[in-house]
Amino acid sequence: MRLFNKVRAEIPDERWGYVASADNPPPGSAFASFNNAPSEAYEAGLKYEREHPPNSSLAPSSNEIETIQSQGLNAYQFVVDPFLSGIYVNPSGFTVTFTQMGKQQPSRLDRSCFSRAPLIADFVQRPYAYFEVTIDDLLFGSEATVISIGLATSPYPPFRLIGWNQFSVGYHSDDGRLFQNDGFGGKNFGSPYSKGDTVGCGYDPARGAVFFTLNGAFIGYAPQNEQHPYHAAVGADGPCQLSINVGQEPFKYNPGAPATAVSAPAPQPWVDGGALPPYAPR
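Counted the way UniProt numbering counts, the sequence shown spans residues 1 to 282.
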């Protein structure tokens with residue numbers, strides 16, 4: 001928390017033309033999520049994809065599965081791009097603090113962070129992978145900072161929010177919209193979320209189905225089913241602190257709910273060179 005508290009002091013914020021502080025936050029980014037980033041940032045994301053093609057395979061590699069087998073939940077610790085400022089991951093690997101503020105244009109403050117290994121299903125407890133993110137702190141409130149939570153393949157442009165680029169899906173905090181490979185507005189999906197809320201994200205690799213929860217309640221499935229070696233992913237465009245639960249604590253969501261919450265085919269076992277190991281043994 002001490003690192004996050006450093007940004008609570010008054011900081012000259014030229015992108016807004018005045019000094020931002022906890023009592024005088026910058027204006028809201030309500031039109032930041034819907035309109036997303038300007039064309040310059042969009043083109044930069046496409047350039048990154050050309051130089052670092054996203055992983056188009058359908059499942060994690062055998063090496064990645066071995067890593068998860070040997071390391072257990074630690075394989076899902078979050079890591080940050082060493083060349084990107086404005087993000088800190090604590091030693092546990094499951095608390096991510098975004099600290100970016102200052103002179104940049106708002107679109108240049110977008111940051112994302114990802115789990116080391118892609119998620120795999122826990123066939124002992126449930127036929128899908130699942131994690132939850134709790135918003136522990138939000139310096140300027142939901143009016144000024146957009147948080148995105150979801151999935152992305154690796155590599156993914158770390159200067160773009162989740163859902164805006166290829167092979168990613170993200171649920172955004174400011175307007176509750178869902179972005180899936182979509183840098184142009186997203187789709188109406190759920191409620192906005194803010195400090196104290198917990199967002200869950202699940203992935204059924206047998207069908208390529210992605211679903212989200214909010215505070216333990218099922219919201220719905222993403223519109224497109226796509227099979228990818230998805231990593232857990234979080235992003236933000238302003239100061240906030242997020243805690244990630246990949247199974248080290250009880251989930252708020254009832255794991256049996258998605259099959260009964262909406263009409264959907266029953267998940268089938270996913271076979272990729274043999275049974276996959278549980279991702280969250282208990």
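All residues carry an ideal CB built from backbone N, CA and C; glycine is no exception. Quick caveat, the model's predicted, so the values are computed rather than measured.
The DSSP-derived three-state label of residue 214 is strand. Boundaries of the beta strand (DSSP E) around residue 245: 240-245. Within the same chain, 157, 165, 166 come within 8 Å of residue 49 by CB-CB distance, once the 5 residues on both sides are set aside. In this structure, the alpha-carbon of residue 181 lies about 30 Å from that of residue 248.
The Cβ atoms of residue 186 and residue 163 lie closer than 8 Å to each other.
Bridge partners of residue 227 according to DSSP: none are assigned. Distance from the CA of residue 231 to the CA of residue 94, rounded to the nearest whole angstrom, comes to 14 Å. Under the DSSP assignment, residue 162 falls outside any beta strand (DSSP E); it carries neither an H nor an E label. The beta carbon of residue 223 is closer than 7 Å to those of 180, 187 in its chain, skipping five residues each way along the sequence.
Under the three-state reduction of DSSP, residue 73 is assigned to helix. In this model, residue 173 and residue 151 are separated by some 15 Å (Cα to Cα). Here residue 131 is not near residue 210, since their CB atoms are 8 Å or more apart.
Its Cα nearest to that of residue 171, the residue 212 stands out among 113, 145, 212, 237. With a beta-carbon spacing of about 17 Å, residue 110 and residue 241 fall beyond the 8 Å limit used to define contacts. Exclusion of the five residues before and after residue 192 leaves 142, 173, 174, 175, 176 as the residues of its chain whose Cβ lies within less than 8 Å of its Cβ. Here residue 58 is exposed: its Cβ has fewer than 16 other Cβ atoms, across all protein chains shown, within 10 Å.
DSSP, read as helix, strand or coil, puts residue 67 in helix. In this structure, residue 178 sits away from residue 199, with a CB-CB distance that is not shorter than 8 Å.
Annotated as distal: residue 52 and residue 153, with beta-carbon spacing of 8 Å or more.
Counting C-beta atoms within 10 angstroms of its own C-beta, residue 250 has fewer than 16 neighbours from the protein chains shown and is therefore classed as exposed. Bounds of any beta strand (DSSP E) do not take in residue 140, whose DSSP letter is neither H nor E. The C-alpha of residue 217 is placed about 18 Å away from the C-alpha of residue 204. For residue 150, the enclosing beta strand (DSSP E) begins and ends at 147-152.
The three-state secondary structure of residue 132, taken from DSSP, is strand.
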